[in-house]
Amino acid sequence: MSHKKDDSQWPYAQIEHWPPMTYRNRLKPSSESIQSLNDFLNTENSKLQNREIQPWIPFCEGRCAFCYFPVRCERETVASYLAALKKALSLYSENKYVKSSFFNELYVGGGSPSVLQKDQIVDLLQFCRKTFNLSETATTKFTACTNSLSEEKIDLLASNNVDQLDIGIQTFDDSLRKILALRDTAQEAKKKLRIAKKHDLNISIDLLYNLPGQTVDQWQDDIKQALELEVESVDCYPLDLYSNTPLARRITEKELPYGDTATELKMYLDAYSIFKENGYLPTCHNRFSRLKEDFNEPSSEVVGSGAGFFMGHIGNFLYSDIVKVEDYITSVKAGSLPIARLATLSREDEMRRAMMMVYIRIPVDRAAFKAKFGIFPEDAFPEAIEKLRQKNLITINNGKIRLTEEGDPWRFNISWEFFNSR
Ligand code: SF4
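Counting from 37, one number per residue, gives the positions in the sequence shown under this note's numbering.
So, in structure tokens, the structure goes:
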């Protein structure tokens, strides 16, 4: 992979960390938009697509210094929250659309669902499996943090047909773990990963890079340790600073340094080459994986719920739920879907979304795009496509538009081009 080192030759001044159309751009729902969602949920679904169920657990043992998720560390509401979560999921499952839908993934997200007690974990898994039509080959993924993942819980998850653990490791360097306020040491975290591997669970870990004061050697060492542990995939996220986090405050007060874009780019490119050399290829948003399934079409719909859940996608509706646990419980008790933000995709949005797929390395098939929208991509987005081609960030061959290796580090910037210009 050849990359220019001089920032004047970069295609963009900064590397974007997020694509368009996240929950950040959604509005509060009006009674009309909720009514159209309900009307849609009362229709039959005949489309066979990849689809997932996502119950959301917003609880954690403690708050990591960089975390911007609205997580809850107090546990007194867990039982009433789980009752509300199951009721909210039932509100979806009772509708015609969800009843006639098949799901191929159950993803327990959060937060750290591993903080739940063993009986609560089993109950939630069983509830989801009996409430929704999960296909026979459906996979179950479970989000965990090593600190709350005891050997008994690992055993319990494996014996309850969980296939994969998604674990936020962030770094194996103890000095950086301290700065991030992670609650166990690298050695303790690695021990849990080894136990999970022994239980034949697939392991996907998150690693953060461009951390305060982190050297390129430290980053390469984190990657090396992930490879030695033989994890199946690694999601590599550049540090993203959110103003209300303890880490952002320490950086603003100059107590800690903040890495620049050149270092961030170098670290990403190092990860790209090291993983590639070791048989892990880039996929999804930020993942390097050696799992075949990670290269399938991503879920086109996500039916989920939970306080702070933000990935909802049914038909052309995108939704996120009420963030505060108590308000979520109150809303569900009143019998309404606990949706806080809702967006309805127009045909134009759908076209933009289809083009955006290049950023998760899914090529856009020109003929399929034309068949769906009645127009070829380069006629729908002439300026964006021309600009990206000229910069060698995308290519068009064999009827497919795809990201180039040159474009890979800039994939989020590329996805924004379809929103900023035609
Ligand atoms: S464990 Fe994950 S969700 Fe919980 S505070 Fe840390 S980063 Fe946030």
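Even glycine gets a Cβ: it sits at the ideal position worked out from N, Cα and C.
Everything numeric in this text was worked out from a predicted model, so none of it was measured.
Item	Value
For N140 and V198, what's the separation of their Cα atoms in angstroms?	13 Å
Identify which residue in R99, F353, P274 and L84 has its Cα closest to the Cα of P282.	R99
Assuming V151 and C96 form a contact by the criterion Cβ under 8 Å, report the distance between their Cβ atoms to the nearest whole angstrom.	6 Å
Can at least three beta-carbon pairs, one atom from the stretch 99 to 115 and one from the stretch 163 to 170, be found at a separation below 8 Å?	no
Please state the DSSP three-state secondary structure of R397.	coil
Tell me, to the nearest whole angstrom, how far the beta carbon of Q200 is from that of L237; I am working on the premise that it is less than 8 Å.	6 Å
Quick check on the burial criterion: 16 or more other C-beta atoms within 10 angstroms. Buried or exposed for N377?	Reading off the sequence shown, one finds Arg at residue 377, where the question assumed Asn. R377 should be labelled buried.
Residues in the same chain with beta-carbon distance under 8 Å from K40, minus the five sequence neighbours each way, listed in chain order, please.	Because K40 sits at a pLDDT of 47, beneath the cut-off of 50, its placement in the model cannot be relied upon, and the following sentence gives the value as read from the coordinates. W46.
In its own chain, which residues sit with a C-beta less than 6 Å from the C-beta of I89, not counting the 5 before and 5 after it?	F139, L142, C164, F168 and V339
Is DSSP giving K40 helix, strand or coil here?	Residue confidence for K40 is low, a pLDDT of 47 falling below 50, so the modelled location carries little weight; the figure read from the coordinates is stated next. Here K40 sits in coil by DSSP.
Please report the straight-line C-alpha distance between F409 and K312, rounded to a whole angstrom.	36 Å
For Q50, collect the residues of the same chain with a Cβ closer than 7 Å to its Cβ; drop the 5 residues on either side in sequence, then sort them by chain order.	T297
Please confirm whether any heavy atom of the ligand SF4 lies closer than 7 Å to the CB of S148.	yes
Would you list the one or two residues that DSSP bridges to K122?	In DSSP, K122 forms no bridge with anything.
Leaving out five residues on either side along the sequence, give the residues of the same chain with a beta carbon under 6 Å from the beta carbon of D210.	T221 and A222
Please classify S38 as buried or exposed, where buried requires at least 16 neighbouring CB atoms within 10 angstroms.	Low confidence applies to S38: its pLDDT is 43, below 50, so where it sits in the model is not reliable, and the reading given next is rough at best. By the neighbour-count rule (16 or more Cβ atoms within 10 Å), S38 is not buried but exposed.
If I'm right that P445 touches L301 with Cβ under 8 Å, what's the distance once you round it to whole angstroms?	6 Å
Whole beta strand (DSSP E) runs in the stretch 144 to 195 with 3 or more residues, listed along the chain?	170 to 180
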